[in-house]
Amino acid sequence: MAYQALQGPCGQKLIMLEKELQRLRELVYMDALTGLLNYRAFKEEMQKRLDTGKAFGLLYLDLDRFKQVNDQFGHLAGDRLLREVASVLEIAAGLDAQVYRLGGDEFALIADTGQDIETVHERILLGFEQEDKLKIGDLRIGVSIGSAKFPEDGRTYEELLGLADCCMYADKHRRKADHFV
1 MAYQALQGPC GQKLIMLEKE LQRLRELVYM DALTGLLNYR AFKEEMQKRL
51 DTGKAFGLLY LDLDRFKQVN DQFGHLAGDR LLREVASVLE IAAGLDAQVY
101 RLGGDEFALI ADTGQDIETV HERILLGFEQ EDKLKIGDLR IGVSIGSAKF
151 PEDGRTYEEL LGLADCCMYA DKHRRKADHF V
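In UniProt numbering, the protein residues as written are 1 to 181.
As structure tokens, this is what we get:
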């Protein structure tokens, strides 16, 4: 903090105000349950990246069978599971991507390059396969993932998120079909 050099009550007040401002930023941009950045932070980051015109990759994720967890084991179990998912996603993202909880059981990741996003995608799938904490009773949580790359897949927020969402649903339907074959 730049205010530490100031002496006396004025400097102390400025330090206190800076800490309060940081706390307010966390309330605005952080998901209280998972500690991840939230939808507002995601939308602002997407717009910032679109405005710069620099290439980036997007993953859009939806948990499979999460509603069953809440229905069968209760919302506290669902909350615990969301925190575990956040941990798996942060580990998979590493330094290559930023993780966001958009709401409910939907997450997104933004990476600087399309190659980074493909690497993170593979790490997420591996993390979901290996993580025992993503299982409650006989019910294992899965993940469906869609992706989009800027600028090749779209030039607006709506185009990129729409494509990633569409790809995520295609992945979800493919996984259901594979399960029944």
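Virtual Cβ for every residue (Gly too), placed ideally from N, Cα, C.
Since the structure is predicted, the reported quantities are computational estimates derived from the model, not experimental observations.
Item                                                                                                                                                                        : Value
Can you round the beta-carbon distance between residue 203 and Ala92 to whole angstroms, since I take them to be within the 8 Å contact cut?                                : The requested residue 203 is not part of the displayed model; the chain covers only 1 to 181.
Of all the options Arg65, Thr34, Glu118, Arg174, which has the alpha carbon lying nearest to the alpha carbon of Arg80?                                                     : Thr34
If contact is defined by three or more beta carbon pairs under 8 Å, each pair taking one atom from either stretch, is the stretch 35-43 in contact with the stretch 92-104? : yes
In terms of alpha-carbon separation, which member of Val88, Leu58, Arg25, Leu63 lies closest to Glu152?                                                                     : Leu58
How is Gly78 classed by DSSP in three states: helix, strand or coil?                                                                                                        : helix
Would you mind reading off the limits of the beta strand (DSSP E) that contains Lys40?                                                                                      : It should be noted that the sequence gives Arg, not Lys, for residue 40. Element bounds for Arg40: not the beta strand (DSSP E) but the alpha helix (DSSP H), 39-52.
Compute the beta-carbon to beta-carbon distance between Leu139 and Arg65, rounded to the nearest angstrom, for a pair I have assumed lies under 8 Å.                        : 6 Å
Are there 16 or more other CB atoms within 10 angstroms of the CB of Lys176, so buried, or fewer, so exposed?                                                               : exposed
If the criterion is Cβ atoms closer than 9 Å, does the pair Asp112 and Ala55 meet it?                                                                                       : yes
Specify the secondary structure class of Arg123 as computed by DSSP and reduced to three states.                                                                            : helix
List the DSSP bridge partners of Val143.                                                                                                                                    : Leu63
Run the CB neighbour count on Leu109, radius 10 Å, all protein chains shown included, and call it buried at 16 or more, exposed below.                                      : buried
Rounded to whole angstroms, what is the Cα-Cα separation between Asp31 and Glu84?                                                                                           : 14 Å
Compute the distance between the beta-carbons of Leu63 and Ser144, then report whether it is under 9 Å.                                                                     : yes
Is the CB-CB distance between Cys166 and Gly137 below 9 Å?                                                                                                                  : no
DSSP puts Gln98 in a beta bridge; with which residues?                                                                                                                      : Ile110
Gly148 and Val120 look like a contact to me (Cβ under 8 Å); what is the Cβ gap, rounded to whole Å?                                                                         : With the sequence shown as reference, residue 148 is identified as Ala, and Gly is not the correct amino acid for it. The Cβ separation is near 14 Å, so there is no contact.
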